[in-house]
Each structure stands twice: as C-alpha cells, then as structure tokens.
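This report concerns only the one structure given below.
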Amino acid sequence: MDEKGISLVELVISGALVGVLVVASGFSYRGWIGRYRVEKITNELYADLMHARLKALQTNRQHYVMLEGSSYTVMEDTNDNGCSDAGDSPLPGFPKPVPHALCNNGTGNRIDFDKRGLMSQSKTLWFTSSFEPDYDCMKVSRARIIMGRYENNACVVK
C-alpha cells in the first residue's frame, strides 16, 4: 500500500529524539552561562583595577581597592593621609557585588595604588565557583595585572 504521511510510531520516536536533544542542550547551556558569568566578573574586576590605577595617575592621589568576600570597592584617598578612613570616598558605582566568592592569597584585603599608579604588594585574586571558566583569577604585581585560570592553588597565566 502506498499511503502518504507519517505513522504514529514515527511521530513518537521523532518527538522523543527532539526531547532528548532539548534536555541535553539545556544542561550544556547552564554550564556555558555559568562559565560566562565567572569570566564576566573577572573581566570587570580587571577593568576596575586598571581604572583605579589610571585614576591614581590622573588625579595624583592614592587609590585603593577594598576586597570583601562578596563585593569590592574602589576608593580614593581624598584626604591624602595614606590610610583608609571616613575621609575617603568610593568612586561612583561602588561597592560592586560579585556572584562568586572573591579570594586572595596576599596579606590584608586591600590593593593600594600610589600616586604613580604602582601597587605596593603582589597578590593573586580568584573567584571560587563550580564552573571551569577560561579566566577566573589574576596575578597582581607592582606594575602588571595578568588574568589567568586558577588551577592547583595557583593562577596559571593564559
């Protein structure tokens, strides 16, 4: 017999295949968006650190970044005393919350930029997450900030 159309069995099988593909792509999307969010906040922190460095150079005033576990703030030392106190003011748009825990291996929770835009100490900053992004850490040295991937308790520069 030569009938046109599709049978119910063919329709059910193709529907099941489409369902499996949709579920599989949903899991893939969830992992992709998680990695993207970690990379996005890493790039934002990098840009904010560079902005603090440039503001220190432009204004000839010390700037510093206060690192908390769930946020960070770029501050200007408006009273030029070199200490963080009530006389200092945050730059517009700060504090900035972060969706993943922000960790560092240096002493203290502060990154200082002197009037020449140089940092006083070296640190490694990283975000903890269950995703595996391409960039989730940065090495902060006296004159450079380099992004990388945190692996085996070290920031591997890419």
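All residue numbers for the sequence shown refer to the numbering used here, where the first residue is 290 and numbers rise by one.
Note that the Cβ used here is the ideal one computed from N, Cα and C, for glycine as well.
Figure out for me which residue from the options has the closest Cα to the Cα of residue i.
| i | options | result |
| --- | --- | --- |
| G397 | Q410, P381 and E421 | Q410 |
| E333 | M436, I295, N393 and D401 | M436 |
| E421 | G376, R326 and S296 | R326 |
| Y439 | W321, A336 and M427 | M427 |
Just the Cα atoms here: how many angstroms apart are residue i and residue j?
| i | j | result |
| --- | --- | --- |
| S378 | K447 | 35 angstroms |
| E328 | G294 | 49 angstroms |
| T417 | G304 | 39 angstroms |
| N393 | L300 | 56 angstroms |
| M245 | G358 | The structure shown does not extend to residue 245, since the chain is modelled only from 290 to 447, so the question has no answer here. |
| G323 | P388 | 10 angstroms |
| E292 | I302 | 19 angstroms |
| S296 | R319 | 35 angstroms |
| I330 | V307 | 35 angstroms |
| V429 | A375 | 26 angstroms |
| D401 | M408 | 5 angstroms |
| A390 | M355 | 14 angstroms |
Please look up how many angstroms separate the CB atoms of residue i and residue j, rounded, as I've assumed it's under 8 angstroms.
| i | j | result |
| --- | --- | --- |
| K404 | A345 | 6 angstroms |
| G371 | Q347 | The pair is not a contact, with the Cβ atoms about 18 angstroms apart (cut-off 8 angstroms). |
Contiguous beta strand (DSSP E) assignments of at least 3 residues, all confined to the stretch 299–364: Counting whole runs of 3 or more residues, the stretch 299–364 contains the beta strand (DSSP E) stretches 352–356.
Threshold first: 3 residues or longer. Then list the beta strand (DSSP E) segments lying entirely within the stretch 359–443, N to C. Within the stretch 359–443, the beta strand (DSSP E) runs of at least 3 residues that lie entirely inside it are, in chain order, 360–365, 390–393, 399–402, 412–417, 426–429 and 434–440.
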